[in-house]
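Asker:
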Amino acid sequence: MAQSAQALGRWAGRFVATYGDLGRFVSADTSSDTCGTFVNDLETCGSRSTKQMCHGTALRSSRNRARFARTQGFMVPPSSRFALLWHDFKAASATSTEAPGVRAAWHKGRQTYAVWVLRVHDETVKQRVYQLSEALREWVTPEPDLHVTLAIAGFPQQPCVHDDDVPIARLKNQAEAVQAEAQRVSFRVHGACSFLAAPFLCVTDDDGHLARLRRVLDPPGRPLTIQDYVPHITAGRWKEAYATAVMAKRMEPLMKADPLTVTAQAVELVEYAAADPQARLMTKLHIPLP
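Residue numbers in the sequence shown follow our numbering, run continuously in steps of one, and reach 498 at the last position.
(1) Are the CB atoms of A400 and T305 within a distance shorter than 9 Å?
(2) Which residues in the same chain have their Cβ closer than 6 Å to the Cβ of Q486, if we skip the five residues on either side of it in sequence?
(3) Applying the 10 Å Cβ sphere with the 16-neighbour rule, what's the burial state of R396?
(4) So what's R461 in DSSP terms, helix, strand or just coil?
(5) Once DSSP output is grouped into helix, strand and coil, what is the label at T491?
(6) What residue range does the alpha helix (DSSP H) around W294 cover?
(7) Rounded to whole angstroms, what's the CA-CA distance from A443 to W314? Just pull it up for me.
(8) Tell me the residue span of the beta strand (DSSP E) that contains L468.
(9) Looking at M455 and L344, is the spacing between their C-beta atoms short of 9 Å?
(10) Could you say which of S402, I495, Y321, R327 lies nearest to H295 if we only look at CA atoms?
(11) How many angstroms separate the CA atom of G317 from the CA atom of Q365?
(12) Three or more C-beta pairs under 8 Å: does that hold for the segment 437-451 against the segment 378-388?
(13) Less than 8 Å between the CB atoms is what I'm expecting for V333 and L468, so what's the real figure, rounded?
(14) Which term fits G231, buried or exposed, when burial requires 16 or more other beta carbons within 10 angstroms of its beta carbon?
(15) Just to confirm the assignment: which complete alpha helix (DSSP H) runs, minimum length 4, are found wholly within the segment 316-374?
(16) Use the C-beta contact count for E507: other C-beta atoms within 10 angstroms, 16 or more gives buried, fewer gives exposed.
(17) Start and end of the alpha helix (DSSP H) containing L418?
(18) Strictly by DSSP, which residues pair up with A302?
(19) Based on DSSP bridge pairs, tell me the residues matched to R392.
(20) From K447 to E351, what distance separates their C-alpha atoms?
(21) Going by other Cβ atoms of all chains shown within 10 Å of its Cβ, with 16 needed for buried, is H494 buried or exposed?
(22) Can you name, in chain order, every residue of its own chain whose Cβ lies under 8 Å from the Cβ of A482, other than the five neighbours on each side?
(23) Within 10 angstroms of its Cβ, does P439 collect 16 or more other Cβ (buried), or is it exposed?
(24) Got a sec? Which residues, its chain only, sit under 8 Å from A449 by beta carbon, not counting five neighbours each side?
(25) Would you give the residue range spanned by the beta strand (DSSP E) that Y437 belongs to?
(26) Please work out which residues of its chain come closer than 7 Å, Cβ to Cβ, to H417, disregarding the five sequence neighbours upstream and downstream, and give them in chain order.
Rendered as structure tokens:
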């Protein structure tokens, strides 16, 4: 159990960094027909495209990242992962879609999955997301619930059976910790980029507010801790496998954008129906911020 939990934690970081919000998308790169803990399949799903992200040589140095960021028009810190994610997106042959049957193997009949998020209400940001989804409307299913994911909660269960189950008591403790540490939270929203499964707007944590919240919600050592956190606002999901070179051309005019400073209104624990890839986010806990 401990070994599978460690594997799940390693996978969780790679999966979210490549595909976006955990559980909203299940990769077509899975290879196993059976999913004992679902870890083996999703270790595979992240491996092909994330080797470049984690161990790539082309953009390994900060100097190369900075050079690539300048040539691609990114208006985010060159040390961020976004330039590297864009490099990997363009290097891939096609976007990713969900593999039949893998979602059921993931949720194992469990009804809802939970994450901690900051919902996005800023109208200027909404307009920027709309511009991106409109530029890709033939190829993308828009995301109706704009948000920045803070931390993965898991499947709320009592009692817990699987590594990705979360006890209700833990969720209550997390909520109390957020309330006790409630402070102003802001972040910056930039231009477009894309995971293999989802185009998004880049988000940076210039003042460390997201990191502070994550330390409260996602202490080190949890099986579902995101190791490689990439804050972003998903604009939609690719409907099918499309040539990344063609999609990149359509996105490039929207990559260079002035940063927008956004102040969050609340931290929310949200749940969605695990069996439905288009499920809406349902607020379970709403913790106002100053």
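Note that CB positions come from ideal geometry on N, CA and C, so glycine has one too.
Answerer: On the basis of the supplied data:
(1) Numbered from its first residue, the sequence shown carries residue 305 at position 97. Numbered from its first residue, the sequence shown carries residue 400 at position 192. Not closer than 9 Å, so no.
(2) Taking the first residue of the sequence shown as 1, we reach residue 486 at position 278. Setting aside the 5 residues that flank it on each side, Q486 has no residue in the same chain whose C-beta is closer than 6 Å to its C-beta.
(3) Counting from one through the sequence shown, the residue named residue 396 turns up at place 188. Within 10 angstroms of the beta-carbon of R396 lie 16 or more other beta-carbons, which makes it buried.
(4) Numbered from 1 along the sequence shown, position 253 holds the residue referred to as residue 461. The question names Arg, but residue 461 in the sequence shown is Pro. Three-state result, P461: helix.
(5) What you label residue 491 is simply residue 283 of the sequence shown in a count that begins at 1. Shown here, T491 sits in a strand according to DSSP, grouped into three states.
(6) Working through the sequence shown from its first residue, we reach residue 294 at position 86. 290-299 is the span of the alpha helix (DSSP H), which, as asked, contains W294.
(7) Sequence index remark: in the sequence shown, residue 443 carries index 235 (1-based). Sequence index remark: in the sequence shown, residue 314 carries index 106 (1-based). The C-alpha of W314 is placed about 24 Å away from the C-alpha of A443.
(8) Looking up residue 468 in the sequence shown gives position 260. 468-471 is the extent of the beta strand (DSSP E) around L468.
(9) Numbered from its first residue, the sequence shown carries residue 344 at position 136. Numbered from its first residue, the sequence shown carries residue 455 at position 247. Here L344 is near M455, since their CB atoms are less than 9 Å apart.
(10) Counting from 1 along the sequence shown, the entry for residue 295 is found at position 87. The shortest C-alpha to C-alpha distance from H295 to any of S402, I495, Y321, R327 is the one to S402.
(11) The residue given as residue 317 occupies position 109 in the sequence shown. The residue given as residue 365 occupies position 157 in the sequence shown. Using only the alpha carbons, I get a separation of about 12 Å.
(12) Contact between the segment 437-451 and the segment 378-388 is absent, because fewer than three Cβ pairs lie under 8 Å.
(13) Along the sequence shown, one-based indexing puts residue 333 at 125. Along the sequence shown, one-based indexing puts residue 468 at 260. The pair is a contact, with the Cβ atoms about 6 Å apart (cut-off 8 Å).
(14) Translated into the one-based positions of the sequence shown, residue 231 becomes position 23. In this prediction, G231 scores a pLDDT of 43, lower than 50, which makes its location untrustworthy; the coordinate-derived value is nonetheless stated afterwards. Label assigned to G231: buried.
(15) As far as the segment 316-374 is concerned, its whole alpha helix (DSSP H) runs of at least 4 residues are 331-343.
(16) Past the boundaries of the shown model lies residue 507; the chain is included only from 209 to 498, so the question cannot be answered.
(17) Residue mapping note: residue 418 aligns to position 210 of the sequence shown, counting from 1. For L418, the uninterrupted alpha helix (DSSP H) run begins and ends at 417-425, by DSSP.
(18) Taking the first residue of the sequence shown as position 1, residue 302 is located at position 94. Its beta-bridge partners are A451.
(19) By 1-based counting over the sequence shown, the position of residue 392 is 184. According to DSSP, R392 bridges with nothing at all.
(20) Reading the sequence shown from its first residue, position 239 is the one you call residue 447. Reading the sequence shown from its first residue, position 143 is the one you call residue 351. The alpha-carbon atoms of K447 and E351 are separated by roughly 12 Å.
(21) By one-based count along the sequence shown, residue 494 stands at place 286. Answer is exposed; the Cβ neighbour count stays below 16.
(22) For the purposes of this step, residue 482 is taken as the residue at position 274 of the sequence shown. So the list reads G231, R311, W314, H315, R318, Q319, T320, Y321, F363, once near-sequence residues are dropped.
(23) The count along the sequence shown starts at 1 and reaches residue 439 at position 231. Flag for P439 reads buried.
(24) Residue 449 sits at position 241 when you count from the first residue of the sequence shown. By the criterion of a C-beta distance shorter than 8 Å, A449 is surrounded in its chain by A236, A302, T303, S304, T305, once the five residues flanking it on both sides are discounted.
(25) The residue given as residue 437 occupies position 229 in the sequence shown. Where Y437 is concerned, there is no enclosing beta strand (DSSP E), because DSSP gives it neither an H nor an E.
(26) To locate residue 417, count along the sequence shown from 1; it is residue 209. When the five nearest sequence neighbours on each side are left out, the beta carbons in the same chain lying within less than 7 Å of the beta carbon of H417 are those of V393, S394, F395, in order along the chain.
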